[in-house]
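Below: one structure, written as structure tokens.
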Ligand SMILES: NC(=O)c1ccc[n+]([C@@H]2O[C@H](COP(=O)([O-])OP(=O)(O)OC[C@H]3O[C@@H](n4cnc5c(N)ncnc54)[C@H](OP(=O)(O)O)[C@@H]3O)[C@@H](O)[C@H]2O)c1
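Numbering (my numbering), first residue to last: 13 to 260.
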């Protein structure tokens, strides 16, 4: 199957890392120098943005949301399927600009470049299976029942790496503050995150916490400090703030 990726930015490249093992890729973008490098890297064809025919193509739209109107003016024809990763851009908005038989919104994250994205999908149920198959090549993908849910998922899956990066960096700094070498602190946190993923798949977070926290112990003392500083509420508010942006 051939997929046409529109855009040549960070997410277009992250998605291509997984997709190119399963699909024939074609890129459409405005920067020819980038397109030349990308086409070599992914053994893909490319076309400069400008009066492009998308008739019957399967499009993966990876430009910035504000660029939708200007980019779509350069496309003509009716696509077979439009897969959009544009944050906060509804299917109705997409279809005002780009004609397509079927439209899907997808929300992946930058871990796609390691085949480890968490991708939420919604849209035309008729191509649900194809959508899940495409995005499973870049990690885990799940179907959601509405665009509102996809916007909430955006706040977790799309923005999540930035929130976890904050946690990781803060823990590294904490180690350094107490006297650990920066490099050792970094390696410890990295290993912690690597080990946490399988742990989380096997147990509810509350049970993980209970299993580590002994009465009057080190974890209980640290955990109390996190609660005192409102870390839990901070994360809940972060998801709320990110979701609100998608509703503007
Ligand atoms: N970054 C994330 O973690 C993440 C996660 C999920 C979804 N998304 C969504 O993914 C999309 C792309 O994000 P990104 O992080 O890949 O951004 P990016 O690295 O800045 O790439 C944006 C792409 O859009 C192109 N573009 C911007 N304005 C344009 C215009 N007026 N005409 C033609 N092309 C234009 C850029 O072209 P040039 O290279 O020529 O400037 C570039 O190819 C966004 O819609 C975002 O909401 C991002």
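Don't be surprised by glycine CBs; every beta carbon is placed ideally from N, CA and C.
Backbone secondary structure at residue i - three-state DSSP
i           : result
residue 128 : coil
residue 135 : strand
residue 175 : helix
residue 236 : helix
residue 68  : coil
residue 73  : strand
residue 109 : helix
residue 87  : strand
residue 192 : coil
residue 187 : helix
residue 210 : helix
residue 143 : helix
residue 231 : helix
residue 123 : helix
residue 99  : coil
residue 156 : coil
Counterpart residues of residue i in DSSP-defined beta bridges
i           : result
residue 115 : 94
residue 151 : 129
residue 60  : 41
Beta-carbon separation (whole angstroms), residue i vs residue j, contact threshold 8 Å
i           : j           : result
residue 152 : residue 130 : 6 Å
residue 47  : residue 58  : 4 Å
residue 251 : residue 180 : In fact, because the Cβ distance is near 18 Å, the residues do not count as touching under 8 Å.
residue 91  : residue 69  : 5 Å
residue 18  : residue 83  : 7 Å
residue 134 : residue 96  : So it is not a contact: roughly 11 Å between Cβ atoms.
residue 87  : residue 106 : That pair is no contact at about 12 Å.
residue 163 : residue 246 : About 20 Å; that fails the 8 Å criterion.
residue 15  : residue 37  : 6 Å
residue 187 : residue 200 : 7 Å
residue 109 : residue 72  : Actually they do not touch by this definition, with Cβ atoms about 16 Å apart.
Segment limits, beta strand (DSSP E) that includes residue i
i          : result
residue 41 : 36-41
residue 16 : 14-18
Residue i beta carbon near ligand 3 (any heavy atom closer than 7 Å)
i          : result
residue 48 : Ligand 3 is absent from the structure shown, which contains only ligand 1.
Residue range of the alpha helix (DSSP H) that includes residue i
i           : result
residue 27  : 22-31
residue 160 : 159-165
residue 246 : 243-258
residue 217 : 217-224
For the segment 135-145 and the segment 113-121, state whether three or more C-beta atom pairs, one from each stretch, are separated by less than 8 Å.
yes
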